[in-house]
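Sequence positions in the sequence shown follow mature numbering (1 follows the signal peptide of the UniProt record, and there is no 0) and run -25 to -1, 1 to 91.
The block underneath contains the structure these notes are about, expressed in structure tokens.
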Amino acid sequence: MKTFKPLLVALAFAASAPFAITAHAQAMDHSKMPGMKMDGMSASMSEGEVRKIDKEAKKITLKHGDIKNLDMPGMTMVFQVKDAALLDKVKAGDKVMFTAEKADGAIVVTAIEAAK
């Protein structure tokens, strides 16, 4: 019985590890990841859904699918926008197609339009 409790604790820890890793990945600043292909690649449109718009800070929160030109998996994250006027094209809840690129150490949305 004495060896059974440590085994249960170890199993509980091992079972919870994937959830902690997922939460950490969603909160990371992906613009500083050295292994991601970001520079010199042509940008392509990616699918997403607008979660939040912050016009004052020129930021948009998108739940997006894979961003192939950045080699980034789907997730929800905050992006800067190249031009604040882009934020007038969409609203929270809109399904969108967008282009994101690496610029000045950040990942920036350079184009966005409501999906048809």
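Where a beta carbon is used, it is the ideal one built from N, C-alpha and C, also for glycine.
Fair warning: this is a prediction, and the values are worked out from it, not measured in the lab.
Have a look at Met20 and Val71 and give me their C-alpha separation to the nearest angstrom.
Met20 and Val71: Cα-Cα distance of roughly 10 Å.
Within 10 angstroms of the Cβ of Glu76, are there 16 or more other Cβ atoms? Answer buried if so, exposed if not.
Buried.
So, with DSSP's three-state summary, where would you put Ala59?
Three-state DSSP puts Ala59 in a helix.
Lys38 lies in the beta strand (DSSP E); which residues open and close that run?
Lys34 to His39 is the extent of the beta strand (DSSP E) around Lys38.
Would you kindly check if the distance between the Cβ of Ile87 and the Cβ of Val65 is under 8 Å?
Their beta carbons are under 8 Å apart, which means Val65 touches Ile87 by this criterion.
Beta-carbon separation of Ile42 and Ile35 under 8 Å?
No, these two residues do not count as a Cβ contact at 8 Å.
Have a look at Met50 and Thr85 and give me their C-alpha separation to the nearest angstrom.
Cα-Cα distance, rounded: 18 Å.
Rounded to whole angstroms, what is the Cα-Cα separation between Ala67 and Val56?
Distance between the alpha carbons of Ala67 and Val56: 15 Å.
Taking buried to mean at least 16 other C-beta atoms within 10 Å of its own C-beta, is Gly80 buried or exposed?
Looking at its Cβ environment, which holds fewer than 16 other Cβ atoms inside 10 Å, Gly80 is exposed.
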